[in-house]
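All remarks here apply to the structure that follows.
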(Lines of atoms letter the chains of each structure in order from A and count residues from 1; the text may use other names and numbers.)
(Lines give C-alpha, C1' and ligand atoms only; values in the text may rest on other atoms or scores of the structure.)
Protein backbone atom coordinates (compact mmCIF):
# COMPACT_ATOMS: atom_id res chain seq x y z
CA UNK A 1 0.00 0.00 0.00
CA UNK A 2 1.28 3.44 -0.93
CA UNK A 3 0.14 4.89 2.40
CA UNK A 4 2.32 2.45 4.34
CA UNK A 5 5.36 3.58 2.39
CA UNK A 6 4.43 7.25 2.56
CA UNK A 7 4.24 7.19 6.34
CA UNK A 8 7.16 4.82 6.89
CA UNK A 9 5.02 1.90 8.05
CA UNK A 10 6.09 -0.79 5.53
CA UNK A 11 7.90 -2.84 8.18
CA UNK A 12 5.57 -2.09 11.08
CA UNK A 13 4.12 -5.01 13.01
CA UNK A 14 0.46 -5.66 12.26
CA UNK A 15 -2.35 -5.62 14.83
CA UNK A 16 -5.50 -7.73 14.97
CA UNK A 17 -8.00 -4.86 15.37
CA UNK A 18 -8.04 -1.30 14.01
CA UNK A 19 -8.94 0.24 17.38
CA UNK A 20 -8.28 -0.84 20.95
CA UNK A 21 -10.58 -1.29 23.92
CA UNK A 22 -9.11 1.82 25.54
CA UNK A 23 -11.11 3.92 23.07
CA UNK A 24 -14.41 2.80 24.60
CA UNK A 25 -14.18 5.49 27.25
CA UNK A 26 -11.14 7.56 26.42
CA UNK A 27 -10.68 10.88 28.16
CA UNK A 28 -10.04 13.95 26.04
CA UNK A 29 -9.03 16.21 28.92
CA UNK A 30 -5.45 17.52 28.95
CA UNK A 31 -4.67 15.66 25.72
CA UNK A 32 -1.38 16.64 24.09
CA UNK A 33 -1.92 18.27 20.70
CA UNK A 34 0.12 17.65 17.57
CA UNK A 35 2.40 20.53 16.58
CA UNK A 36 1.42 22.69 13.62
CA UNK A 37 4.91 22.44 12.13
CA UNK A 38 7.93 20.21 12.46
CA UNK A 39 10.86 18.67 10.62
CA UNK A 40 11.87 15.17 9.65
CA UNK A 41 9.76 12.41 11.20
CA UNK A 42 7.97 14.75 13.59
CA UNK A 43 4.20 14.22 13.27
CA UNK A 44 2.36 17.42 12.43
CA UNK A 45 -1.23 18.47 11.82
CA UNK A 46 -0.63 18.47 8.07
CA UNK A 47 0.76 14.93 8.10
CA UNK A 48 -2.13 13.77 10.25
CA UNK A 49 -4.69 15.32 7.93
CA UNK A 50 -3.03 13.68 4.94
CA UNK A 51 -3.14 10.28 6.63
CA UNK A 52 -6.75 10.69 7.71
CA UNK A 53 -7.75 11.70 4.18
CA UNK A 54 -6.29 8.48 2.83
CA UNK A 55 -7.92 6.37 5.53
CA UNK A 56 -11.31 7.98 4.92
CA UNK A 57 -11.06 7.08 1.23
CA UNK A 58 -10.12 3.47 2.01
CA UNK A 59 -12.89 3.12 4.61
CA UNK A 60 -15.46 4.54 2.23
CA UNK A 61 -14.51 2.50 -0.82
CA UNK A 62 -13.16 -0.90 0.18
CA UNK A 63 -12.68 -1.39 3.93
CA UNK A 64 -15.83 -0.84 6.01
CA UNK A 65 -14.16 -2.65 8.91
CA UNK A 66 -12.02 0.41 9.69
CA UNK A 67 -14.90 2.90 9.48
CA UNK A 68 -15.46 3.27 13.23
CA UNK A 69 -11.76 3.58 14.00
CA UNK A 70 -11.33 6.22 11.29
CA UNK A 71 -14.35 8.09 12.65
CA UNK A 72 -12.77 8.16 16.10
CA UNK A 73 -9.43 9.33 14.73
CA UNK A 74 -10.91 12.05 12.51
CA UNK A 75 -13.08 13.91 15.02
CA UNK A 76 -10.51 16.66 15.58
CA UNK A 77 -8.69 17.07 12.28
CA UNK A 78 -8.20 20.80 12.91
CA UNK A 79 -6.54 20.18 16.31
CA UNK A 80 -5.56 16.48 16.50
CA UNK A 81 -3.94 14.98 19.55
CA UNK A 82 -1.02 12.60 19.90
CA UNK A 83 -3.56 9.88 20.72
CA UNK A 84 -5.37 10.56 17.43
CA UNK A 85 -2.08 10.22 15.56
CA UNK A 86 -1.30 6.93 17.29
CA UNK A 87 -4.76 5.61 16.46
CA UNK A 88 -4.37 6.57 12.80
CA UNK A 89 -1.05 4.71 12.69
CA UNK A 90 -2.65 1.72 14.40
CA UNK A 91 -5.26 1.62 11.63
CA UNK A 92 -2.42 1.54 9.09
CA UNK A 93 -0.83 -1.38 10.95
CA UNK A 94 -4.16 -3.20 10.88
CA UNK A 95 -4.49 -2.61 7.14
CA UNK A 96 -0.94 -3.86 6.65
CA UNK A 97 -1.83 -7.16 8.28
CA UNK A 98 -5.11 -7.57 6.38
CA UNK A 99 -4.05 -6.59 2.85
CA UNK A 100 -5.42 -9.87 1.50
CA UNK A 101 -9.03 -8.96 2.37
CA UNK A 102 -11.29 -8.03 -0.54
CA UNK A 103 -14.78 -6.51 -0.52
CA UNK A 104 -17.16 -8.79 -2.38
CA UNK A 105 -19.96 -6.94 -4.14
CA UNK A 106 -22.90 -8.19 -6.16
CA UNK A 107 -24.00 -11.78 -6.69
CA UNK A 108 -26.26 -14.11 -8.62
CA UNK A 109 -29.66 -12.43 -8.70
CA UNK A 110 -31.37 -15.64 -9.78
CA UNK A 111 -30.52 -17.25 -6.45
CA UNK A 112 -32.74 -15.04 -4.35
CA UNK A 113 -34.92 -12.35 -5.86
CA UNK A 114 -35.49 -10.53 -2.65
CA UNK A 115 -34.37 -7.09 -1.57
CA UNK A 116 -33.19 -7.13 2.00
CA UNK A 117 -32.27 -4.25 4.22
CA UNK A 118 -30.14 -4.21 7.31
CA UNK A 119 -30.05 -0.96 9.25
CA UNK A 120 -28.31 0.11 12.42
CA UNK A 121 -26.01 3.06 12.76
CA UNK A 122 -25.15 3.87 9.17
CA UNK A 123 -24.89 0.53 7.32
CA UNK A 124 -26.99 0.02 4.23
CA UNK A 125 -26.87 -3.53 2.89
CA UNK A 126 -28.95 -4.28 -0.15
CA UNK A 127 -28.66 -7.84 -1.38
CA UNK A 128 -30.24 -10.72 -3.24
CA UNK A 129 -27.89 -13.50 -2.20
CA UNK A 130 -26.56 -12.27 1.13
CA UNK A 131 -23.66 -10.29 -0.32
CA UNK A 132 -23.44 -6.54 -0.23
CA UNK A 133 -24.57 -4.46 -3.17
CA UNK A 134 -24.09 -1.11 -1.52
CA UNK A 135 -22.26 -0.20 1.65
CA UNK A 136 -22.31 3.22 3.24
CA UNK A 137 -20.35 4.03 6.33
CA UNK A 138 -20.21 6.87 8.73
CA UNK A 139 -19.56 7.03 12.45
CA UNK A 140 -22.34 7.94 14.78
CA UNK A 141 -22.25 11.61 15.73
CA UNK A 142 -23.60 11.79 19.24
CA UNK A 143 -26.80 9.79 19.63
CA UNK A 144 -28.76 8.70 16.58
CA UNK A 145 -32.13 7.27 17.54
CA UNK A 146 -32.73 3.85 16.03
CA UNK A 147 -36.17 4.81 14.77
CA UNK A 148 -34.76 7.97 13.18
CA UNK A 149 -32.01 5.95 11.49
CA UNK A 150 -34.57 3.41 10.35
CA UNK A 151 -36.69 6.17 8.81
CA UNK A 152 -33.70 7.32 6.77
CA UNK A 153 -33.03 3.76 5.65
CA UNK A 154 -36.71 3.38 4.83
CA UNK A 155 -36.46 6.30 2.43
CA UNK A 156 -33.53 4.65 0.71
CA UNK A 157 -35.38 1.35 0.40
CA UNK A 158 -38.21 3.12 -1.38
CA UNK A 159 -35.72 4.86 -3.65
CA UNK A 160 -34.06 1.55 -4.53
CA UNK A 161 -37.52 0.04 -5.07
CA UNK A 162 -38.38 2.75 -7.59
CA UNK A 163 -35.03 2.36 -9.37
CA UNK A 164 -35.42 -1.41 -9.65
CA UNK A 165 -38.92 -0.91 -11.00
CA UNK A 166 -37.55 1.32 -13.75
CA UNK A 167 -34.95 -1.35 -14.54
CA UNK A 168 -37.73 -3.96 -14.64
CA UNK A 169 -36.11 -5.98 -11.86
CA UNK A 170 -38.71 -7.99 -9.95
CA UNK A 171 -38.70 -7.60 -6.16
CA UNK A 172 -40.61 -9.48 -3.51
CA UNK A 173 -42.55 -7.32 -1.05
CA UNK A 174 -42.57 -6.42 1.75
CA UNK A 175 -38.98 -5.24 2.07
CA UNK A 176 -37.47 -6.15 5.43
CA UNK A 177 -36.35 -3.29 7.65
CA UNK A 178 -34.23 -4.90 10.34
CA UNK A 179 -33.86 -3.11 13.67
CA UNK A 180 -32.16 -4.29 16.87
CA UNK A 181 -34.09 -1.95 19.19
CA UNK A 182 -37.47 -3.10 20.48
CA UNK A 183 -38.68 0.41 21.37
CA UNK A 184 -37.84 1.66 17.89
CA UNK A 185 -39.59 -1.35 16.41
CA UNK A 186 -42.81 -0.49 18.24
CA UNK A 187 -42.65 3.04 16.88
CA UNK A 188 -42.11 1.78 13.34
CA UNK A 189 -44.98 -0.66 13.64
CA UNK A 190 -47.28 2.28 14.33
CA UNK A 191 -47.87 1.92 18.05
CA UNK A 192 -48.86 5.08 19.91
CA UNK A 193 -45.92 7.41 20.42
CA UNK A 194 -44.94 8.19 23.97
CA UNK A 195 -44.44 11.73 25.22
CA UNK A 196 -40.68 11.20 25.03
CA UNK A 197 -40.87 10.20 21.35
CA UNK A 198 -43.10 12.99 20.05
CA UNK A 199 -40.14 14.95 18.71
CA UNK A 200 -39.25 12.11 16.32
CA UNK A 201 -42.76 10.85 15.62
CA UNK A 202 -43.16 13.03 12.53
CA UNK A 203 -39.98 11.56 11.01
CA UNK A 204 -41.28 8.01 11.01
CA UNK A 205 -44.88 8.55 9.98
CA UNK A 206 -44.11 7.68 6.38
CA UNK A 207 -42.43 4.42 7.51
CA UNK A 208 -45.57 3.55 9.47
CA UNK A 209 -47.65 4.42 6.39
CA UNK A 210 -45.69 2.09 4.10
CA UNK A 211 -45.64 -0.60 6.77
CA UNK A 212 -49.44 -0.58 6.88
CA UNK A 213 -49.51 -0.71 3.07
CA UNK A 214 -47.35 -3.84 3.14
CA UNK A 215 -44.38 -2.27 1.38
CA UNK A 216 -42.06 -2.27 4.40
CA UNK A 217 -41.82 -4.83 7.17
CA UNK A 218 -39.98 -3.74 10.35
CA UNK A 219 -38.45 -6.81 11.92
CA UNK A 220 -36.46 -7.39 15.10
CA UNK A 221 -32.89 -8.45 14.45
CA UNK A 222 -30.67 -9.59 17.33
CA UNK A 223 -27.61 -7.43 17.98
CA UNK A 224 -25.34 -10.43 17.50
CA UNK A 225 -26.57 -10.69 13.92
CA UNK A 226 -26.36 -6.97 13.19
CA UNK A 227 -23.43 -6.36 10.82
CA UNK A 228 -23.58 -2.57 11.21
CA UNK A 229 -22.03 -2.89 14.68
CA UNK A 230 -18.73 -2.74 12.80
CA UNK A 231 -19.52 0.97 12.25
CA UNK A 232 -20.51 1.80 15.80
CA UNK A 233 -18.46 -0.18 18.32
CA UNK A 234 -15.01 -1.19 19.44
CA UNK A 235 -14.95 -4.91 18.70
CA UNK A 236 -12.98 -7.87 20.01
CA UNK A 237 -11.17 -10.02 17.45
CA UNK A 238 -13.76 -12.85 17.14
CA UNK A 239 -16.64 -10.40 16.73
CA UNK A 240 -14.69 -8.30 14.23
CA UNK A 241 -13.88 -11.34 12.11
CA UNK A 242 -17.53 -12.39 12.06
CA UNK A 243 -18.78 -8.94 11.07
CA UNK A 244 -16.12 -8.57 8.40
CA UNK A 245 -17.59 -11.60 6.70
CA UNK A 246 -21.15 -10.34 7.10
CA UNK A 247 -20.37 -7.05 5.34
CA UNK A 248 -18.64 -8.84 2.47
CA UNK A 249 -14.94 -8.77 3.39
CA UNK A 250 -13.22 -12.05 2.58
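Numbering (this note's numbering), first residue to last: 1 to 250.
Even for Gly, the Cβ is constructed at its ideal location relative to N, Cα and C.
| said: I need the straight-line Cα distance from residue 15 to residue 4, nearest angstrom please. | reply: Cα atoms of residue 15 and residue 4: separation of roughly 14 Å, rounded to the nearest angstrom.
| Span separating the alpha-carbon of residue 218 from that of residue 23 | Approximately 32 Å, taken between the alpha carbons.
| message | Strictly by DSSP, which residues pair up with residue 284? | response | The requested residue 284 does not occur in the structure, where the chain is confined to residues 1 to 250.
| Whose CA, out of 79, 7, 32, lies closest to the CA of residue 54? | Put simply, of 79, 7, 32 the residue whose alpha carbon is nearest the alpha carbon of residue 54 is 7.
| task | Would you mind sorting residue 74 into buried or exposed? The rule is 16 or more other CB atoms within 10 Å of its CB. | result | Residue 74 should be labelled buried.
| task | Would you identify the three-state DSSP class for residue 188, choosing helix, strand or coil? | result | Helix.
| query | So who's on the other strand from residue 81, going by DSSP bridges? | reply | DSSP, once it has assigned bridges, lists 33 as partnering residue 81.
| Among 36, 68, 227, nearest to residue 179 - alpha-carbon criterion | Minimum Cα distance to residue 179 is reached at 227.
| query | Would a C-beta distance cut-off of 7 Å place residue 234 and residue 19 closer than the cut-off? | reply | Yes, the pair counts as a contact, with Cβ atoms nearer than the cut-off.
| query | Would you report the Cα separation of residue 243 and residue 96, rounded to the nearest angstrom? | reply | Roughly 19 Å between the two C-alpha positions.
| Would you say residue 46 and residue 35 are within 7 Å of each other, going by their C-beta atoms? | Cβ distance not < 7 Å, so residue 46 and residue 35 don't count as in contact.
| task | Grab the span of the alpha helix (DSSP H) containing residue 55 for me, first residue to last. | result | Membership of residue 55 in the alpha helix (DSSP H) is indicated by the continuous run 45-61.
| message | Any beta carbon of chain B sitting closer than 7 Å to that of residue 248? | response | Looking at the structure shown, chain B is missing, and only one protein chain is on hand.
| task | Give the straight-line distance between the Cα atoms of residue 210 and residue 17, rounded to the nearest whole angstrom. | result | So the alpha carbons of these two residues sit roughly 40 Å apart.
| request: Kindly indicate which three-state DSSP category residue 182 falls into: helix, strand or coil? | output: In the structure shown, the three-state DSSP call for residue 182 is helix.
| In DSSP terms, what residue 155 is bridged to | Listed as beta-bridge partners of residue 155 by DSSP are no residues whatsoever.
| said: Bridge partners for residue 216 per DSSP, in chain order? | reply: As computed with DSSP, residue 216 is found in a beta bridge with 175.
| message | Check this for me: beta carbons of residue 81 and residue 52, under 7 Å apart or not? | response | Note that the C-beta distance between residue 81 and residue 52 is not below 7 Å.
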